[in-house]
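**Q**
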Amino acid sequence: MTLLPFCEWLAATKWSIALHESFYMYPLIESTHVVALFLFAGTIVMVDLRLLGLAFREVAVSEINARILPWTIVGAVVMILTGVLLFYAIPVRSYQSLWFRFKVVFLLVAAINVWMFHRRVAKNREVWDADERPPRAARASAVVSLSMWAGVIVFGRMIAYNWFDCDRPQSEFVYWLSGCIVELADA
1 MTLLPFCEWL AATKWSIALH ESFYMYPLIE STHVVALFLF AGTIVMVDLR
51 LLGLAFREVA VSEINARILP WTIVGAVVMI LTGVLLFYAI PVRSYQSLWF
101 RFKVVFLLVA AINVWMFHRR VAKNREVWDA DERPPRAARA SAVVSLSMWA
151 GVIVFGRMIA YNWFDCDRPQ SEFVYWLSGC IVELADA
C-alpha cells in the first residue's frame, strides 16, 4: 500500500498548483513555518534545559510549564497548519523525500516521548517539581526531546536540498526508501 496515488491526486488539484506556483504565498507560508518552529522549539528547549537541571534551577518545573506552555501551543498550532500547507503545495516531492520521511519519524518519536513524559514521569511531578535536578526519567525524556527536535529541524531544512530525488540515479535501496515508483527505479 502506498500513498503516492493520493499525493499525485493532491498535487493535481488547482489549489495545490496555485499554492506551489504562487510568487508570494509559498515563501510567506514557509517563513511563517520557520518562525513558528523556532517559537515552539525555543520553548521546548527552555523546559528541557530545566528538566536537565542546566537552567532555571531556582524555578519549579510546573511554573516554567505554566508560563511557557501557551507559547508552545501557539507555536505548535501555527507550525502544524503551515506544515500541512507546505505538504499540500508539493505532496509528491515531500512524499518521496528521504529527509521528509526522517522528519516524520523524528516527529513521531518526539510525540511519543511527550506522551510518555506526561503519562508516566510527570504524574508524580509534585514530588520533584522544585528539585534542582529532576529524576533520571525526566532528564532522559529531556535528552530524547532535544535530540528529536534537533533532528526534526535539521531534516526539515534538508528537504529543500533533496539529493535523493527519484529522477536521479540512486541505489535500489534509496529508491525503495524514498518510495520512488518502480518505472523510475528501473530507468
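Mapping to full-length UniProt numbering: the sequence shown position 72 is 72, numbers consecutive.
For glycine and all other residues, C-beta sits at the position ideal for the given N, C-alpha and C.
Verify whether the separation of the beta carbon atoms of W149 and A122 is less than 9 angstroms.
**A** For W149 and A122, no; Cβs fall outside 9 angstroms.
**Q** For the putative contact between G179 and L49, defined by C-beta atoms under 8 angstroms, what is the C-beta separation to the nearest angstrom?
**A** With a Cβ gap of about 37 angstroms, G179 and L49 do not count as contacting.
**Q** Apply the 10 Å Cβ neighbour rule to residue 188 and answer buried if 16 or more other Cβ atoms are within range, or exposed otherwise.
**A** The shown model of the chain, from 1 to 187, leaves out residue 188, and the question about it has no answer.
**Q** Have a look at A89 and L19 and give me their C-alpha separation to the nearest angstrom.
**A** Approximately 6 angstroms, taken between the alpha carbons.
**Q** Measure how close the beta-carbons of M79 and F23 come, nearest whole angstrom, since I'm counting them as under 8 angstroms.
**A** Wrong, their Cβ atoms sit about 23 angstroms apart, outside the cutoff.
**Q** Under 8 angstroms: does the beta carbon of N162 sit that close to some heavy atom of the ligand SAH?
**A** The ligand SAH is not among the ligands present in this structure, which contains no ligands whatsoever.
**Q** Under 9 angstroms, do V84 and D129 count as touching if we go by C-beta distance?
**A** Not in contact: V84 and D129 (Cβ atoms no closer than 9 angstroms).
**Q** Mind reading off the beta-carbon distance from G151 to F106? Whole number of angstroms is fine, and I expect it under 8 angstroms.
**A** Yes, they are in contact, since the Cβ atoms of G151 and F106 sit about 4 angstroms apart, within 8 angstroms.
**Q** Would you call V92 buried or exposed, if buried means 16 or more other Cβ atoms sit within 10 Å of its Cβ?
**A** Buried.
**Q** Take C7 as the anchor and find which of L86, S171 and V174 has the nearest alpha-carbon.
**A** Nearest option by C-alpha distance: L86.
**Q** If we ignore side chains and look at the alpha-carbon of each, how far apart do L52 and V59 end up?
**A** Cα to Cα, the separation comes out at about 13 angstroms.
**Q** Do the CB positions of L98 and V174 come within less than 9 angstroms of each other?
**A** Yes, the Cβ-Cβ distance between L98 and V174 is below 9 angstroms.
**Q** When the distance is taken between beta carbons, is V45 closer than 9 angstroms to L177?
**A** For L177 and V45, no; Cβs fall outside 9 angstroms.
**Q** Could you check which residue in G42, I29, F100 and E63 has the C-alpha nearest to that of T72?
**A** Here the closest residue by C-alpha is G42.
**Q** Could you tell me which of V74, Y26, A12 and A55 sits nearest to F38, measuring between CA atoms?
**A** Out of V74, Y26, A12 and A55, V74 has the C-alpha closest to the C-alpha of F38.
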